[in-house]
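*Asks:* One structure coming up, written as structure tokens, with questions to follow.
There are 4 protein chains.
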Amino acid sequence: MKTVVIHGSTRINGNTEYLTYQAVPKDKGTHIYLRDHNIHPIVDQRHAEEGFDKINDDLKDLIDIILEHDIILFSTPIYWYSMSGPMKIFIDRWSQILRDPEYPHFREELRKKKVYLIAVGGDKPSIKGIPLVQQFNYICQFYDMSFEGYVVGRASKPGQIVHDKRALKQASLLFDT
Amino acid sequence: MKTVVIHGSTRINGNTEYLTYQAVPKDKGTHIYLRDHNIHPIVDQRHAEEGFDKINDDLKDLIDIILEHDIILFSTPIYWYSMSGPMKIFIDRWSQILRDPEYPHFREELRKKKVYLIAVGGDKPSIKGIPLVQQFNYICQFYDMSFEGYVVGRASKPGQIVHDKRALKQASLLFDT
Amino acid sequence: MKTVVIHGSTRINGNTEYLTYQAVPKDKGTHIYLRDHNIHPIVDQRHAEEGFDKINDDLKDLIDIILEHDIILFSTPIYWYSMSGPMKIFIDRWSQILRDPEYPHFREELRKKKVYLIAVGGDKPSIKGIPLVQQFNYICQFYDMSFEGYVVGRASKPGQIVHDKRALKQASLLFDT
Amino acid sequence: MKTVVIHGSTRINGNTEYLTYQAVPKDKGTHIYLRDHNIHPIVDQRHAEEGFDKINDDLKDLIDIILEHDIILFSTPIYWYSMSGPMKIFIDRWSQILRDPEYPHFREELRKKKVYLIAVGGDKPSIKGIPLVQQFNYICQFYDMSFEGYVVGRASKPGQIVHDKRALKQASLLFDT
């Protein structure tokens, strides 16, 4: 089972990354840091006559990497009770891949993936992070991916995540069951 | 009471806009179309020594307009069970305004606002749009803004919203109670 | 299409009933008032060797009535952010019907039903009633019933529901789309 | 810190109890098993002229026990995506205590409590148990009690909970942070 981690954090070595490394150490699995890639926001042209404009950015490279793996771990700080902007932009663009003739088997491929989520927030994340968890669940449902588990950690200031013992433990057990 | 509508749609005259105009006609209130503005995604520098880098985009112009109004209506298509990317990027950047010395009264000002939400989605939005509603509720709680009401409409293809009679009616009654 | 309304309110002519009658007038459809019936709480004997004990109460009479209808409208006041106790007790007992040899086609029959929900609460029900809506959605998913719509009204003191114009309107349009 | 566990399970030694004992062993803390007590469902007489009828059951005995403790752990199997009927009936009746002249300091007393939740379900509880968690959160908000943490375990058949290693671990760490 090959694992790819999609990091949505805009800060290097932040709390979310720290928690994520408890599940997938830095030197294991494939780590994609969205902040290091250029991804344009979607323009909804699903119903445009000519379809979507071609966009010259890193989207397809990242999609190709993801499709080579069995497990996708989304790792995002909680920004305003949802995933980070860069992660949202990235996922929004999957709508475009869905209609791209170069990816005729996109949904079929995703259906085989197992998905995990790690999210970290500062404002009562075990409660206020729930909508984010539900969103990922719906995204998984849409693609018929199996949403296997999630960990929500609590941290605001740099380094604070080390105090959330429960989350660290959960992350280290993420793939266990 | 002055109303500003923040449109998160990336498509002109789409279903979300149509539904929104039932609540605030195009020639009433102030309409901001985020797609016509340049807003950069946030880089989380809350904890950087020098704070946030200055960014030369339209963020502050839009914030200034919003602060002049009493009612904020967020209008967004539901992309992947959450707000559109452009709206997420815009709201993420409010974190930066919170720490901007030019906006010492930002929170204090927002506390006086009434907030409404109109969202349109194609995949069982009355259920699967719920996390989005909860997010806006938490955002309002954070800023101590009053979340007064929301309408979730159902539409996928262009023009389809006209069939969601319940949503159209609700939108037209949005400010009634 | 025959409609049965299951009233979970413990108070006669309360706000929830008033709102419900906007959708299904008292003299139309079949109205079951759970408070007028004797239903025992479930004892979980799904895994007991002898199965469930026979219970002499009104459960099966009500189930029989429900099965004769096409549309089920659950109508409940929001007690502590969930359905009323009597309604919970009633629904809990469906687990027993699921294993009752007298009802071999229970799930099959329910699969054909359309379900609606009307709920009334006093504490920000449009937000805090959301978990209740989600529960009914999951219940419908379990039985593969179609969850067609819901109205959440706001009222606390007797009669107060008349001021929630939006909810009254929504209730009157409940079966429209 | 004195802990009281309120068990909502209707089955002795079930999965929910097993998971709960990882957090509070049987011989520690105070354990209330609702199934061993007689509690009547509420009749909403909040607005009746004479107020609530006196009811001769175990409600006040249990309330008195709870008020002597600092930590309340609610332990419930997930029945139809919410708490068990007996627990719902019990909590519904708190509305009556709120208006009972014998308990003038009920809310004031509860405000000092820390609350935890342990719930076990068989149908994707990490997702479908979310509304239950949110309900408890709102209940805690209402009484201004501090909702400190929760564990949702997965089990359906007797004994199955031993396989949910993550939940067992979480339960054992419940009071740690």
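Chains as they are written, first to last, in UniProt numbering: chain H, 1 to 177; chain P, 1 to 177; chain X, 1 to 177; chain G, 1 to 177. Just so it is clear, CB atoms sit at the ideal spot from N, CA and C, and this is done for glycine as well.
Residue 10(H) touches chain P at which residues, Cβ-Cβ below 8 Å?
*Replies:* Neighbours of residue 10(H) on chain P, chain order: 41, 42, 43, 44.
*Asks:* For residue 126(X), which residues in chain P fall below 8 Å Cβ to Cβ?
*Replies:* Within 8 Å Cβ-Cβ: 149, 150.
*Asks:* For residue 131(P) and residue 167(P), I'd like the C-alpha separation in whole angstroms.
*Replies:* If you take the alpha carbons of residue 131(P) and residue 167(P), they lie about 18 Å apart.
*Asks:* Do you know whose CA, among 51(H), 171(H), 162(H), lies nearest residue 165(G)'s CA?
*Replies:* Closest option to residue 165(G), Cα to Cα, is 171(H).
*Asks:* How about residue 176(G) and residue 114(G): are their beta carbons less than 8 Å apart?
*Replies:* No, the pair does not count as a contact, with Cβ atoms beyond the cut-off.
*Asks:* Let me check understanding here. Comparing Cα to Cα, which of 77(G), 62(G), 95(G) lies closest to residue 84(X)?
*Replies:* The candidate whose alpha carbon is nearest that of residue 84(X) is 95(G).
*Asks:* Find the residues of chain H that neighbour residue 173(G), judging by a C-beta separation of less than 8 Å, and give them in chain order.
*Replies:* Result: 165, 166, 169.
*Asks:* Mapping the DSSP letters down to three states, classify residue 85(H) as helix, strand or coil.
*Replies:* Here residue 85(H) sits in helix by DSSP.
*Asks:* Candidates 63(G), 15(G), 34(G): which alpha carbon is nearest residue 47(X)'s?
*Replies:* Minimum Cα distance to residue 47(X) is reached at 15(G).
*Asks:* Alpha carbons only, please: which of 146(H), 72(H), 12(H) is nearest the one belonging to residue 159(H)?
*Replies:* The residue with the shortest Cα to Cα distance from residue 159(H) is 12(H).
*Asks:* In chain P, what lies closer than 9 Å to residue 134(X) by C-beta?
*Replies:* Near residue 134(X) (Cβ distances below 9 Å), the residues of chain P are 127, 130.
*Asks:* Take the Cβ of residue 31(G) as the centre, count every other Cβ of all protein chains shown within 10 Å, and call the residue buried at 16 or more, exposed below.
*Replies:* Burial call: buried.
*Asks:* Cα separation between residue 25(G) and residue 19(H)?
*Replies:* Cα to Cα, the separation comes out at about 30 Å.
*Asks:* Interface residues of chain G around residue 158(X) at Cβ under 8 Å?
*Replies:* In chain order: 47.
*Asks:* Inspect the CB distances between the stretch 51-64 of chain G and the stretch 27-43 of chain G and report whether three or more fall short of 8 Å.
*Replies:* Touching, yes.
*Asks:* What is the DSSP secondary structure of residue 155(X), reduced to helix, strand or coil?
*Replies:* It is coil, neither helix nor strand.
*Asks:* Hey, would you say residue 99(H) sits closer than 8 Å to residue 143(H), going by beta carbons?
*Replies:* No, Cβ-Cβ distance for residue 99(H) and residue 143(H) is not below 8 Å.
*Asks:* If I'm right that residue 73(G) touches residue 3(G) with Cβ under 8 Å, what's the distance once you round it to whole angstroms?
*Replies:* Their Cβ separation, rounded to whole angstroms, is 6 Å, which keeps residue 73(G) and residue 3(G) in contact under 8 Å.
*Asks:* Buried or exposed, going by whether 16 or more other CB atoms sit within 10 Å of the CB of residue 1(X)?
*Replies:* Residue 1(X) should be labelled exposed.
*Asks:* Considering residue 125(G), what are the terminal residues of the alpha helix (DSSP H) in which it resides?
*Replies:* Segment 125-128, the alpha helix (DSSP H) holding residue 125(G).
*Asks:* Quick one: what does DSSP say residue 20(X) is sitting in, helix, strand or coil?
*Replies:* Residue 20(X): helix per DSSP, three-state reduction.
*Asks:* Counting only runs that start and end within the UniProt domain "NADPH-dependent FMN reductase-like" (1-123) of chain G, where is the beta strand (DSSP E) found for 3 or more residues in a row?
*Replies:* Runs found: 3-7, 30-33, 71-77, 114-121.
*Asks:* If residue 118(P) and residue 162(P) are in contact, beta carbons under 8 Å, what's the gap, nearest whole angstrom?
*Replies:* About 15 Å separates the two Cβ atoms, so there is no contact after all.
*Asks:* Write down the C-beta distance between residue 139(X) and residue 80(G) rounded to the nearest angstrom, noting that I regard them as a contact closer than 8 Å.
*Replies:* Sure, about 6 Å apart at Cβ, within 8 Å.
*Asks:* Going by DSSP, which residues form a beta bridge with residue 142(G)?
*Replies:* Paired residues: none, contrary to the question.
*Asks:* Out of 123(G), 50(G), 34(G), which one is the CA nearest neighbour of residue 43(X)?
*Replies:* Of the listed residues, the one whose Cα sits closest to residue 43(X) is 34(G).
*Asks:* If we call anything under 8 Å between Cβ atoms a contact, is residue 137(P) one with residue 127(X)?
*Replies:* For residue 137(P) and residue 127(X), yes; Cβs fall inside 8 Å.
*Asks:* Between the alpha carbons of residue 78(P) and residue 77(H), how many angstroms are there, rounded?
*Replies:* Taking the straight line joining both Cα atoms gives about 21 Å.
*Asks:* May I ask you to report which of helix, strand or coil DSSP gives residue 147(X)?
*Replies:* Residue 147(X): strand per DSSP, three-state reduction.
*Asks:* Around the C-beta of residue 65(H), are 16 or more other C-beta atoms found within 10 angstroms, so that it is buried, or is it exposed?
*Replies:* The residue is exposed, with fewer than 16 neighbouring Cβ atoms inside 10 Å.
*Asks:* If you reduce the DSSP assignment to three classes, tell me which class residue 168(P) lands in.
*Replies:* It is helical.
*Asks:* Counting C-beta neighbours from all protein chains within 10 Å, is the total for residue 121(G) 16 or more, i.e. buried, or is it exposed?
*Replies:* Under this definition residue 121(G) is a buried residue.
*Asks:* Does the beta-carbon of residue 88(X) have 16 or more other beta-carbons within 10 angstroms, so that it is buried, or is it exposed?
*Replies:* Buried is the call here.
*Asks:* What are the residues in the stretch 89-120 of chain X lying within 7 Å of chain G by C-beta distance?
*Replies:* Of all residues in the stretch 89-120 of chain X, 89, 91, 92 have a Cβ within less than 7 Å of some Cβ in chain G.
*Asks:* Check residue 136(H) in the structure and name its three-state DSSP category.
*Replies:* DSSP places residue 136(H) in helix when its eight states are reduced to three.
*Asks:* When the cut-off is 8 Å and only beta carbons count, does residue 139(G) lie next to chain X?
*Replies:* Cβ-Cβ to chain X under 8 Å: yes for residue 139(G).
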